[in-house]
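All remarks here apply to the structure that follows.
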Amino acid sequence: AQSVSQHNHHVILSEAASLELGCNYSYGGTVNLFWYVQYPGQHLQLLLKYFSGDPLVKGIKGFEAEFIKSKFSFNLRKPSVQWSDTAEYFCAVHPDGGATNKLIFGTGTLLAVQP
Amino acid sequence: KAGVTQTPRYLIKTRGQQVTLSCSPISGHRSVSWYQQTPGQGLQFLFEYFSETQRNKGNFPGRFSGRQFSNSRSEMNVSTLELGDSALYLCASSVDRILNTEAFFGQGTRLTVV
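Which chain is which? The protein sequence lines are A and B, in order. So the first sequence is residues 15 to 129, counted in the numbering used here. So the second sequence is residues 3 to 116, counted in the numbering used here.
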């Protein structure tokens, strides 16, 4: 079955620390990949997406992610986190070759950044 | 422009009752998807509607149903509520295929079943 794994459930960092959140998926076909963020009390927002081309994708607020096809991974990175990055982060896969808009999400990673 | 609007924001129901949740997509968006979000499970896909037709369905029991109207507004219904149905129900809308755009999420309806 298609699935997405986020191995870090809770991450606590100090401001200015570097961030890397892991995301692995299981699906043999072509995939489109997303990272969404949910700030406290707010709706889910798109951070970045990968459809094709350069496997290093840059998103909003200084986030980037690298698609490594051989490892079925799409890890999220940020060189220096801020207190305002405290949120829950979700990796998602769009596996249906574009036929529908179904997204498969990971269970999320709760990031707490300490000032 | 206005975002995705979900009503009501909060709901408390008793086991065995039924509930209807509403989602108004962004103007011009024809695709509406529903997700159930619970702690530890993340977001799980319920179904997607496009131009009033269900285009895909997740692995949920038949108690969960939905529909889409000609103005793209969508409703989902859960009958014979169980305690395990307590969750945040999210609606996402997009213009058409997610490849060409992105999915915009509403703030959700928090359903508590007691």
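Glycine residues also receive a C-beta, built at the ideal position from the N, C-alpha and C atoms. Note that the structure is a prediction, hence the values are computed from the model and not measured.
Buried versus exposed call for residue i [16 or more other C-beta atoms within 10 Å across all chains shown]
i	result
B:Gly42	exposed
A:Lys116	buried
B:Leu85	exposed
A:Ser94	exposed
B:Tyr130	Coverage of chain B is limited to positions 3 through 116, which leaves residue 130 of chain B absent and any answer about it impossible.
B:Trp36	buried
B:Ala89	buried
A:Tyr53	exposed
Three-state secondary structure (DSSP) of residue i
i	result
B:Gly68	strand
B:Leu85	helix
A:Lys116	coil
A:Gly98	Inspection of the sequence shows that residue 98 of chain A is occupied by Ser rather than by Gly. In this structure, A:Ser98 counts as helix in the three-state DSSP scheme.
A:Ile74	helix
A:Ser84	helix
A:Thr44	coil
A:Phe65	coil
A:Ile26	strand
B:Ile14	strand
B:Ser74	coil
A:Glu34	strand
B:Asn58	strand
B:His31	coil
A:Thr121	coil
A:Ala15	coil
B:Tyr51	strand
Own chain partners of residue i with C-beta closer than 6 Å, once the 5 adjacent residues on each side are dropped
i	result
A:His108	Asn46, Leu117
B:Ser95	Val6, Pro27, Ile28, His31, Val34, Phe106
A:Lys6	Limits of chain A in this structure are 15 at one end and 129 at the other, which puts residue 6 of chain A out of reach.
B:Tyr51	Val34, Gln70, Ser76
A:Lys92	Leu33, Gly76, Phe77
A:Glu102	Gln52, Gly122, Leu124
B:Gln19	Leu83
Close-in-space but distant-in-sequence residues of the same chain around residue i (CB under 8 Å, 5 per side omitted)
i	result
B:Val21	Leu13, Lys15, Asn79, Val80, Leu83, Leu113
A:Ala126	His24, Val25, Ile26, Leu27, Thr100
A:Gln16	Tyr39, Ser40, Tyr41, Val107, Pro109, Ile118
A:Val71	Leu62, Lys63, Tyr64, Glu78, Ala79, Glu80, Phe81
B:Phe66	Leu48, Phe49, Met78, Asn79, Val80
A:Lys85	Asn38
B:Gly68	Trp36, Leu48, Phe49, Tyr51, Gln56, Ser76, Glu77, Met78, Asn79
Residues near residue i by beta carbon distance below 7 Å, same chain, minus five either side
i	result
A:Leu61	Trp49, Tyr50, Val51, Gly73, Ile74, Phe77
B:Pro10	Thr111
A:Val18	Cys37, Tyr39, Cys105, Ala106, Val107, Ile118, Phe119, Gly120
Exercise for review: Report the residues of the segment 58-84 of chain A with a CB closer than 8 Å to any CB of chain B, ordered along the chain.
Suggested key: Those residues of the segment 58-84 of chain A that come within reach of chain B (Cβ to Cβ, closer than 8 Å) are Leu58, Gln59, Leu60, Lys63, Phe65.
Check your understanding: For the segment 26-47 of chain A, which residues have a CB atom closer than 7 Å to at least one CB atom of chain B, in sequence order?
Key -> Flagged, chain order: Asn46.
Point to revise | Near-chain A residues of the segment 44-59 of chain B (beta-carbon distance less than 7 Å), N- to C-terminal order | key: Within the segment 44-59 of chain B, the qualifying residues are Gly44, Leu45, Phe47, Glu50, Arg57, Asn58.
Check your understanding: Which of the residues in the segment 3-16 of chain B, read from start to end, lie with their CB under 8 Å from any CB of chain A?
Key -> Those would be Gly5, Val6, in chain order.
Review point. Which of the residues in the segment 81-105 of chain A, read from start to end, lie with their CB under 9 Å from any CB of chain B?
Key: Considering only beta carbons, the part of the segment 81-105 of chain A lying closer than 9 Å to chain B consists of Phe104, in chain order.
Review point. Residues in the segment 66-78 of chain B with C-beta within 9 Å of chain A's C-beta atoms, listed in sequence order?
Key: Those residues of the segment 66-78 of chain B that come within reach of chain A (Cβ to Cβ, closer than 9 Å) do not exist; the list is empty.
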